[in-house]
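Take a look at the structure below.
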Amino acid sequence: MNIIPQHSLLEFNTLAVPAVAEYFAQVSSDKDIFECLAFAKKNKLVVKVLGGGSNVVMSEFIPGLVVQFCAQDCKVIQETDQSVTVKVEAGFNWHDFVLYCLSQDWYGIENLAYIPGHVGAAPVQNIGAYGVEVKDCIKAVNGVYLDGGDAFTLLADECGFGYRESCFKQALNGQVLITSVEFLLSKVPDVQVSYAPLNKMSAEKGLPTPSELARWVIEVRQSKLPDPKTLPNAGSFFKNPVVSTPDFNRLIERYPSMPNYPQENGVKLPAGWLIDQLGYKGKSFGHVSVHKLQALVLINLGGTGKDVIAAANQVCEAVEECYGVVLEQEPRLFH
Ligand SMILES: Cc1cc2nc3c(=O)[nH]c(=O)nc-3n(C[C@H](O)[C@H](O)[C@H](O)COP(=O)(O)OP(=O)(O)OC[C@H]3O[C@@H](n4cnc5c(N)ncnc54)[C@H](O)[C@@H]3O)c2cc1C
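The opening position of the sequence shown corresponds to residue 3 in the working numbering, with each subsequent residue numbered one higher.
What follows is the structure, given as structure tokens:
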């Protein structure tokens, strides 16, 4: 393992913003992690954990030691006729893991196919798509505390999972390196097609097998979301806001066609719809623009992290001014 000074992270973030880490290391064992923690302690550096860089906005200079955990082992730790528990190291590419599970006839995460990033980041924001959240298949999350290197295991109900939320973004933010995730997967197919486009396809073509469902998800995602390799982006840039029922009643009177999803704590509104109604699809803010087909996605063509944040702030301000709704940014600041 090498600890490299002044390392460019341009290739390590899907927004393709220019960024340099003061120090950078790719680690794949406990020994590497302890070496990094000792180096950071000796040199009084903050340790920052990076996965695949698909949900971060980087600043141009990132002080401290940026660590990327690369180990990719996957092993069965428990098995019955009905289910399997697999322990997957954090560096495994998420989409490859979904495909691997399907090849083994393990089910439950097929709706989450084609989400970029690494397995280790999946619990951080409780990745979700097409009616499924990863929390429903997570049994436990293992890792080490960056301060001291003690190991921890958190069971799923200790992870504070919510909509794009977990304790790893809250109380444990910046404090841990997740080294592996344990998933409880079913051996019995039970496809989830409640999400509108999948429901429509299912009505036309019949109920899919889990592998077919993953293919449908990939197809829909490819048709809707820009590929970061050609149009650098971080996926949905804003979380869908949840507003109180009185606020919702006020809004629906003004915007009767506004899509809405009642929740326990209010009503969820699609951030993309709010932005789209402002006529912002394709709107450019210098090097950064709102994608022309997908209002939730910001595209970066040559800008810096600062430019991306400035564009995001302008979108948020316009939404707040028009609807009185505050949007929350989904990607994490990496600075
Ligand atoms: C085109 C596109 C589509 C997307 N679609 C979706 C979607 O449908 N649903 C969805 O939920 N998300 C989506 N995303 C967002 C993103 O893919 C996920 O959030 C993904 O889980 C991020 O993984 P990553 O490895 O790239 O994490 P990174 O971006 O590297 O990191 C994200 C955060 O997690 C922390 N982190 C990463 N790895 C670890 C670790 N091992 N230990 C501790 N902390 C860690 C980082 O410090 C950072 O705060 C999309 C992104 C893109 C670019």
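No residue lacks a Cβ here, since even glycine has one placed at the ideal position from N, Cα and C.
These numbers come from a predicted model, not from an experiment.
Close CB contacts of leucine 215 within its chain, under the 6 Å cut and outside five residues either way in sequence, are with Glu112 and Val193 (chain order). In the DSSP assignment, asparagine 201 falls within the unbroken alpha helix (DSSP H) covering 198-207. Taking non-hydrogen atoms of ligand 1 into account, the C-beta of serine 56 is found less than 7 Å away from one of them. The closest heavy atom of ligand 1 lies less than 7 Å from the beta carbon of arginine 166. Look at the beta carbons and you see the region 39-51 not touching the region 72-80: under three pairs across the two are nearer than 8 Å.
The nearest non-hydrogen atom of ligand 1 is 7 Å or more from the C-beta of asparagine 45. Separation of isoleucine 301 and arginine 256 (C-alpha to C-alpha, rounded to the nearest whole angstrom) is 30 Å. In the DSSP secondary-structure assignment, valine 22 is bridged to Ser10 and Phe63. Proline 230 and leucine 17 have their C-alpha atoms spaced approximately 7 Å apart. When C-beta atoms of the region 136-152 are compared with those of the region 178-192, three or more pairs fall below 8 Å, so the two segments count as touching.
Straight through space, the alpha carbons of leucine 52 and serine 31 are spaced by roughly 16 Å. With a cutoff of 7 Å, proline 230 counts as near ligand 1, since its C-beta is closer than that to a heavy atom of the ligand.
Nearest Cα to arginine 223 within the set Lys46, Gly237, Thr232 and Glu24: Gly237. Here leucine 157 is bridged, per DSSP, to Ala142. For proline 243, the secondary structure class from DSSP, reduced to helix, strand or coil, is coil. In the displayed model, proline 212 falls within a helix according to three-state DSSP. When the alpha-carbon of leucine 298 is set against those of Asn267, Gln331 and Pro212, the nearest one is in Gln331.
Short note on asparagine 235: C-beta closer than 7 Å to some heavy atom of ligand 1.
For phenylalanine 240, the closest alpha carbon among the candidates Tyr165, Gln74, Glu266 and Phe71 is that of Tyr165.
Distance from the C-beta of threonine 16 to the nearest heavy atom of ligand 1 is below 7 Å. With contacts defined by Cβ atoms closer than 8 Å, asparagine 57 and alanine 123 form a contacting pair. In the DSSP assignment, the residues bridged to phenylalanine 185 are Val88 and Ile140.
Residues of the same chain with a CB within less than 6 Å of the CB of proline 65, apart from the 5 flanking positions on each side, are Glu24 in chain order.
Leaving aside the five residues that flank histidine 120 on each side, the residues in its chain whose CB is nearer than 7 Å to its CB run, in chain order, Gly53, Gly54, Ala92, Gly93, Phe94, Asn95 and Trp96. Proximity to proline 199 across Ser213, Ser225 and Asn45 peaks at Ser225, based on C-alpha coordinates. Judged by DSSP secondary structure, cysteine 38 falls within the alpha helix (DSSP H) whose first and last residues are 32-44.
Spatial neighbours of leucine 156 in its own chain (CB-CB distance under 7 Å, excluding positions within 5 residues in sequence) are listed in chain order as Ala142 and Val143.
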